[in-house]
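Asks: Going by the numbering used here, the first residue of the sequence shown is number 20, and it counts up by one from there. Idealized CB from N, CA, C, for every residue including glycine. Treat the numbers as computed from the prediction; the structure is a model and nothing was measured.
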Amino acid sequence: QAREAPRETIDYQAALRSLLEEGTRMVCTGRTHTDRVCRFQGLCYSVEAEEFLFLHSNASVMLPSLGPRRFQPALLDLSSVEDHNTQYFNFVELPASALRALPPPLFVPEVALITNRFNPDNLMHIFHDDLLPIFYTMRQFPGLDREARLVFMEGWGPGLHFDLYRLLSPKVPLVREQLKSLGSLLCFPQAYVGLSKVTTWYQYGFVQPQGPKANILVSGNEIRQFTRFFAERLNVSGSEGRGPAGEEYIVLFSRTLNRLILNEAELLLALAQEFQMKTVTVSLEDYAFADVVRLVSNASMLVSMHGAQLITSLFLPRGAVVVELFPYAVNPDHYTPYKTLAGLPHMDLQYVAWQNTKQENTVTYPDRPWDQGGIVHLDRTEQERILQSREVPRHLCCRNPEWLFRIYQDTKVDIPSLLQAIRGAVKAGLGLGKHKWASSLYPSKVRGARCQASVQGATEARLSVSWQTPWNLKFVKVKEVKYEVWIQEQGENAYMPYILTHQNHTFAENIKPFTTYLVWIRCIFSKNLLGPFADVLVCST
Ligand code: UDP
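Printed below as a string of structure tokens:
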């Protein structure tokens with residue numbers, strides 16, 4: 020891959036003069052360190068001090084000006100993992116004149132995105148924590164778009180999957196170790212520091228047991244924009260829903276080192292027979308990543324043990340089925356990064372979890388090192404307790420020995436119970452191209468709402484309410500349009516809700532004379548796409 024663009028050049032004397040005269044200029048987005056990304060002009064890095072430098076001059080800018088709050092606990096998170104104390108960014112302040120006492124700077128000519136990879140050894144972490152957030156951070160700031168020099172400061176070497184990071188920009192990323200070889204003082208005329216967290220959907224259990232993030236802000240549409248870009252860069256031609264020969268097939272993703280499926284051949288055959296489809300096995304060890312993506316991106320079903328390789332379900336076509344297998348004593352509901360992914364709005368994947376519930380079908384490895392699930396280093400009673408336990412209790416990341424022991428078991432998959440689980444969940448049937456994707460556009464406000472009140476004697480009254488369709492209805496194909504009307508007596512908290520199909524209605528039930536009512540109206544598309552309420556109507560009987 021020789022996609023490195025010709026090196027940009029820089030007027031060294033002008034850059035140096037600008038740094039001395041103007042110092043560092045920083046303007047950030049975000050209100051707290053966990054949602055902050057900062058744009059810098061004239062940011063330097065001292066290799067000797069292993070610190071970033073903020074140079075003060077008459078022209079320097081530091082926004083936000085946090086004072087000592089910059090250390091409580093940091094200016095920002097360098098990785099996309101929320102508030103992790105090994106991932107904080109800060110800088111050291113110096114007068115710009117100190118430059119004269121420092122080694123001559125080397126300028127990095129391109130716009131840089133300075134960030135941390137969280138765990139570049141693990142494919143799930145690579146996509147969820149790094150690639151997706153980098154991709155969308157680059158699209159948030161025009162200066163970064165597609166041409167940025169990524170600079171990874173977490174301190175790891177390039178890593179096994181460095182090629183995946185290289186796909187994000189034509190400029191080869193730099194890792195911290197390499198900075199030393201460039202010079203002892205590096206300065207970035209233009210840099211962004213930090214990473215957007217808007218695309219992440221999972222928290223790994225550092226402060227509470229792992230689970231979906233509380234406020235998920237990404238949908239399948241953005242995921243697919245990313246995977247489309249990524250597949251293109253991998254030279255995997257896009258085609259929705261069919262294999263090269265036009266036939267549908269199932270992918271069994273196998274692990275070859277640990278957490279094995281012991282009866283893979285039998286499982287392969289059973290799947291092929293049950294669904295009358297070709298079934299193929301892939302693994303990260305035996306296939307190039309591009310080939311994995313090519314296969315997965317046209318598969319009707321992906322079957323795999325719980326594990327990082329399941330992040331490749333990002334590349335599945337809409338309508339495909341993800342089947343995640345869990346070893347004995349591992350509760351699928353407690354480990355849901357892939358379930359959450361499959362269930363993102365508009366991701367349009369069907370998800371099935373299966374757990375081995377038969378102890379005789381599991382193979383344990385108590386003698387392995389602790390990080391591969393061994394437990395012989397624990398005291399006897401603790402070992403005994405773990406061996407007796409039928410479910411790993413909820414726990415925090417990352418070194419719970421009972422969790423590691425159970426998750427690194429091998430499993431003989433009980434075929435009838437697995438097939439039953441899949442049949443039960445895949446009601447719409449297997450097979451791509453049969454699906455119609457619901458529109459996801461929300462109605463705008465109803466227009467021209469009015470009400471008329473009339474009194475029918477001493478105890479009865481009526482409210483006639485009418486309105487016009489939302490403005491965007493005429494542009495949108497919608498299966499079903501309904502209206503929700505709330506009638507609330509002024510000063511009361513309670514209200515009466517109504518669902519209506521027409522654009523006018525006369526309410527007589529529970530309407531009292533000589534009373535003021537507030538009427539709230541909104542439109543609903545396709546049962547669950549709730550629009551905004553129109554301005555409240557005030558009607559007095
Ligand atoms: N891995 C693999 N084959 C194996 C075991 C692991 O390809 O037999 C990969 C796995 O997909 C991940 C990395 O090695 O990218 C680390 O695996 P680990 O078991 O530590 O993490 P997990 O898969 O549980 O997230």
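Throw me the rounded Cβ distance for the Y347 and Q378 pair, which I believe falls under 8 Å.
Replies: Sure, about 6 Å apart at Cβ, within 8 Å.
Asks: For D429, write down the residues that DSSP places opposite it in a beta bridge.
Replies: Beta-bridge pairing links D429 to V382.
Asks: Would you decide whether W490 is buried or exposed? Buried here means 16 or more other CB atoms lie within 10 Å of its CB.
Replies: With fewer than 16 Cβ atoms within 10 Å of its Cβ, W490 is classed as exposed.
Asks: Just mark F494 as buried or exposed, buried being the case when its beta carbon has 16 or more other beta carbons within 10 Å.
Replies: With fewer than 16 Cβ atoms within 10 Å of its Cβ, F494 is classed as exposed.
Asks: Taking a contact to mean a Cβ-Cβ separation below 9 Å, would you say H325 touches L344 in this structure?
Replies: Yes.
Asks: Look up T53 in the DSSP assignment and say whether it is helix, strand or coil.
Replies: Three-state result, T53: helix.
Asks: Would you say the beta carbon of T355 comes nearer than 8 Å to a heavy atom of the ligand UDP?
Replies: False, no ligand heavy atom lies under 8 Å from that Cβ.
Asks: Does the ligand SAM have a heavy atom nearer than 8 Å to the CB of R274?
Replies: The ligand SAM is not part of this structure, which contains only the ligand UDP.
Asks: Judging by CA-CA distance, which residue of A527, A318, N240, G393 is the nearest neighbour of P364?
Replies: Checking every option, the nearest Cα to that of P364 belongs to N240.
Asks: Measure the CB-CB distance between V237 and R313 and report whether it falls below 9 Å.
Replies: Taking 9 Å as the Cβ cut-off, V237 and R313 do not qualify as a contacting pair.
Asks: Give the DSSP-derived three-state secondary structure of Y31 in the structure shown.
Replies: In the structure shown, Y31 sits in a helix (DSSP, three-state: H, G or I).
Asks: Can the beta-carbon of S559 be found closer than 9 Å to that of L451?
Replies: For S559 and L451, no; Cβs fall outside 9 Å.
Asks: Could you pull the start and end residues of the alpha helix (DSSP H) that F13 belongs to?
Replies: No answer is possible for residue 13: the residues shown for the chain start at 20 and end at 560.
Asks: What would DSSP say about L113, mapped onto helix, strand or coil?
Replies: If DSSP states are grouped into helix, strand and coil, L113 belongs with the strands.
Asks: Which residues share a DSSP beta bridge with E343?
Replies: S323, A372, per the DSSP bridge assignment.
Asks: Can you tell me whether Q328 sits near the ligand UDP, meaning its C-beta is under 8 Å from at least one heavy atom of the ligand?
Replies: The answer is yes for Q328.
Asks: Assuming the contact rule is C-beta atoms closer than 8 Å, S203 and V56 should be a hit. Round their C-beta distance to whole Å, please.
Replies: About 27 Å separates the two Cβ atoms, so there is no contact after all.
Asks: May I ask you to report which of helix, strand or coil DSSP gives T219?
Replies: Three-state DSSP puts T219 in coil, outside helix and strand.
Asks: Among all the DSSP beta bridges, which residues are the ones paired with Y64?
Replies: Partner(s): F71, L205.
Asks: Between D140 and the ligand UDP, is the CB less than 8 Å from at least one heavy atom?
Replies: The answer is yes for D140.
Asks: Considering A291, what are the terminal residues of the alpha helix (DSSP H) in which it resides?
Replies: From DSSP, the alpha helix (DSSP H) with A291 extends over 283–294.
Asks: By the DSSP assignment, the alpha helix (DSSP H) with V191 in it spans what residues?
Replies: First-last for V191: undefined, no H or E at that position.
Asks: Pop quiz: S332 and Y354 are said to be a contact at Cβ under 8 Å. What is the actual Cβ separation, rounded to whole angstroms?
Replies: Contact doesn't hold; Cβ gap of about 15 Å is too wide.
Asks: Using DSSP bridges, identify the partner residues of C417.
Replies: According to DSSP, which records beta bridges pairwise, C417 is partnered with nothing at all.
Asks: Can you determine whether any heavy atom of the ligand UDP sits closer than 8 Å to the C-beta of N350, and answer yes or no?
Replies: No; taking the cut-off as 8 Å, the Cβ of N350 has no heavy atom of the ligand UDP nearer than that.
Asks: Could you check what DSSP says for T580 in three-state terms: helix, strand or coil?
Replies: Residue 580 is absent from the structure shown; the chain starts at 20 and stops at 560.
Asks: Going by alpha carbons, who is nearest to K546 out of I434, E499, T535, R195?
Replies: Answer by Cα proximity: E499.
Asks: Over what stretch of residues does the beta strand (DSSP E) that includes A131 continue unbroken?
Replies: A131 -> beta strand (DSSP E) spans 131–134.
Asks: Does the Cβ-Cβ distance between V212 and L62 come in under 9 Å?
Replies: Yes.
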